[in-house]
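Some notes on the structure that comes next.
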Amino acid sequence: MNEEYETTTEFDISEEELENTPSRHDGVTEREEFLLRSMGCELVQEAGILLRLPQVASCTAQVLLQRFYYRKSLKYYDVTIVAMGAIFLAAKLEDIQRGSRAVINVFHHLRQRHLGLPFRPMDLGSGAYYDMKDDLFDAERSLLVQMGFRVHCTHPHKFMLPYAKTLELHANREFLQCSWNYINDTYRLPLHVQFGGSAIACAAMFLAARKLGIPLPERRGQEWWLLFDVRLRDIHTIYQGLAMLYEGPCLVPWKDFKYTAPTPTSRPQLVILSPSGTGPDAGRSGICPTASAGGARTDSPTMGTLAGEHAEGHPVSEPEGRAEGEPDAEKGGAYEAEAARPVEEGGKADGWRTGADASSRDSSPRGPSPGELVVQQEKGDAGGAVGGGG
498 MNEEYETTTE FDISEEELEN TPSRHDGVTE REEFLLRSMG CELVQEAGIL
548 LRLPQVASCT AQVLLQRFYY RKSLKYYDVT IVAMGAIFLA AKLEDIQRGS
598 RAVINVFHHL RQRHLGLPFR PMDLGSGAYY DMKDDLFDAE RSLLVQMGFR
648 VHCTHPHKFM LPYAKTLELH ANREFLQCSW NYINDTYRLP LHVQFGGSAI
698 ACAAMFLAAR KLGIPLPERR GQEWWLLFDV RLRDIHTIYQ GLAMLYEGPC
748 LVPWKDFKYT APTPTSRPQL VILSPSGTGP DAGRSGICPT ASAGGARTDS
798 PTMGTLAGEH AEGHPVSEPE GRAEGEPDAE KGGAYEAEAA RPVEEGGKAD
848 GWRTGADASS RDSSPRGPSP GELVVQQEKG DAGGAVGGGG
C-alpha cells in the first residue's frame, strides 16, 4: 500500500552519508550540527508565519534546508542565510511567491528580535540590504545546484488523514491535532531525508494514540502499522529523534553562535556559544517539555513520557492579522508601533551578521489545523496544501 511513496524520499543519500556529513568532516560535532539544523528550521518556521505563507511552504523549506547540509558544510554556509534562501525557494515551489524584499525585511526583523536590538526598518538603499539580497540569491542558487533541481517533497500530512480514516479515528479531532503537532515537530530533524512520509505519519499517530490512551490493534502479526507497510523500528527511530529534540537545549539565531565567512586568506570560523534555553524554543513556543528549576529534565524520555508530555506543540489556528510591532513584509519593513520608538545610542545594527548580545523576544510559531485539510480532501484536493495560510 502506497509503496511508491514509502520507498523513496525524493533525495538520494546513503547510510554512510547520513553518518559522515560534510559538517562532521570540517570539525563540527554531531551535537552542534543537530542544534544548528534545528535552529535553522525554527527560523524558517518563524519567517513563514511573518510572510503569511501556508504551512506547506514552511515544511518544504525545512526539508530543503535539511537536505542541503548533507551536501555542504555548516562551517562554510551560514545556516541563517541558507534558511532565508530555503523559504524564498519553497514559496516559489508551492506557487505562493514572496518577493526578495519581503523575505529580507522579515529576516532583518527576526535578527533584531533575537538579538534584542531596537526595531528599525531596513534601509532599502543601504549596503546591508544589497549584501542580504546577494546572500539570498546565492543561497537559492546553491540549494538548487546541490540538489540537482530535485526539490519535490512528499509531506506526511497527506498520509495521516487517510490512515486515520482507515483506523476509524478520523472523527477524533483531538487525535488528529495531536498527530498533526508531532508531524510539524519532525521537520526540525533530518527525518524527512531518512524516511518517507508514510513512516513519519504512522510514528506521529503512534505517539498521539499513546498520549491520549487510544487503543490500536497491536497483537503479534496484526499490528496496525503493517497495514501501511511501515516497520516498527522506523517508528522507534522517529520518536527517539523527537525525544532528543524535546529534551535538548536550543540555540537562539544570531545570538548563540558566531559565524565568520571565509576569505581568500582565512578559513571560516563557526563558534557555538552556550545555549540560551532548554528544549526547542524554550520560553517561546509550547513544545518545550516540563523542566526542573535548574533547566534540566527531571526524567529521561521514554516512549511513555514522550507520548504523554510533548504533543502540545502548536495551537490549532493561525493568529488573525499581525501582532503589534511585527513587520509588514510587503511595505519595505514598516514597523507600526516599533518604528516610532527612538533609537538608543549605539543601537543601530552594524550589518546583517553582527549585533548586540541580548535576550531574544518572544515568538510563538503556530501550526495549521487538520480541519482545513479535511475540507480540502472532501473536495477532492488530496494533493493540496498541507495546512491553512497565515
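Numbering (our numbering), first residue to last: 498 to 887. Every residue, glycine too, gets a C-beta built ideally from N, C-alpha and C. The structure presented is a predicted model; accordingly, all values stated were derived computationally and were not measured.
C-beta contact flag for residue i and residue j at 8 Å
i       : j       : result
Leu-614 : Met-581 : no
Val-553 : Glu-514 : no
Leu-713 : Ala-705 : no
Glu-516 : Arg-685 : no
Leu-767 : Phe-754 : yes
Ile-735 : Trp-722 : no
Met-657 : Met-702 : yes
His-652 : Gly-694 : yes
Ile-593 : Leu-640 : no
Tyr-566 : Ser-623 : no
Leu-571 : Val-642 : no
Selected residue, minimal CA-CA separation from residue i, among the options
i       : options                               : result
Ile-578 : Leu-621, Leu-533 and Leu-550          : Leu-533
Lys-589 : His-606, Ser-570, Met-629 and Leu-548 : Leu-548
Arg-535 : Leu-562, Arg-521, Val-525 and Ile-546 : The identity of residue 535 in the sequence shown is Ser, whereas the question assumes Arg. Closest option to Ser-535, Cα to Cα, is Leu-562.
Val-727 : Trp-751, Gly-738, Ile-697 and Gln-737 : Ile-697
Tyr-756 : Leu-621, Asp-575 and Pro-519          : Asp-575
Met-644 : Pro-659, Gly-738 and Val-560          : Val-560
Ala-888 : Pro-659, Pro-687 and Ile-584          : Lying before the first or after the last residue shown, residue 888 is absent from the chain, which here runs from 498 to 887.
Arg-670 : Leu-688, Ile-711 and Arg-638          : Ile-711
Tyr-679 : Cys-699, Val-600, Val-525 and Glu-527 : Cys-699
Gly-745 : Phe-531, Asp-523, Thr-518 and Trp-677 : Phe-531
CA-to-CA distance, residue j to residue i, given in whole angstroms
i       : j       : result
Phe-672 : Pro-618 : 42 Å
Ile-510 : Arg-608 : 33 Å
Pro-772 : Cys-747 : 6 Å
Ile-769 : Glu-529 : 7 Å
Asn-602 : Cys-556 : 21 Å
Leu-724 : Leu-612 : 49 Å
Tyr-573 : Arg-717 : 49 Å
Val-690 : Arg-598 : 30 Å
Lys-569 : Gln-719 : 43 Å
Pro-765 : Ala-758 : 5 Å
Tyr-627 : Gln-542 : 24 Å
Arg-564 : Ala-740 : 21 Å
Glu-665 : Leu-586 : 38 Å
Glu-512 : Asp-620 : 46 Å
Tyr-660 : Arg-647 : 27 Å
Phe-604 : Pro-750 : 11 Å
Gly-545 : Arg-610 : 15 Å
Cys-675 : Ser-763 : 48 Å
Leu-709 : Gly-596 : 42 Å
Phe-692 : Asp-631 : 34 Å
Gln-737 : Pro-761 : 42 Å
Arg-638 : Asn-681 : 26 Å
Leu-729 : Leu-688 : 15 Å
His-667 : Lys-655 : 13 Å
Gly-537 : Glu-527 : 15 Å
Lys-752 : Ala-625 : 19 Å
Thr-683 : Asp-523 : 26 Å
Thr-518 : Glu-715 : 37 Å
Val-600 : Phe-616 : 16 Å
Trp-677 : Thr-663 : 17 Å
Opening and closing residue of the beta strand (DSSP E) in which residue i lies
i       : result
Ile-769 : 766-769
Identified DSSP bridge partners for residue i
i       : result
Tyr-756 : Leu-767
Boundaries of the alpha helix (DSSP H) in which residue i is found, first to last residue
i       : result
Ile-680 : 670-683
Pro-519 : 519-522
Asp-631 : 624-643
Arg-707 : 694-709
Met-657 : 654-663
Lys-589 : 576-590
Leu-688 : 688-691
Ile-593 : Looking at the DSSP string, Ile-593 is not in any alpha helix (DSSP H), and its letter there is neither H nor E.
Cys-650 : Element bounds for Cys-650: n/a, residue is neither H nor E.
Ile-510 : Run containing Ile-510: none; DSSP gives neither H nor E here.
Met-536 : 527-547
Gln-552 : 552-565
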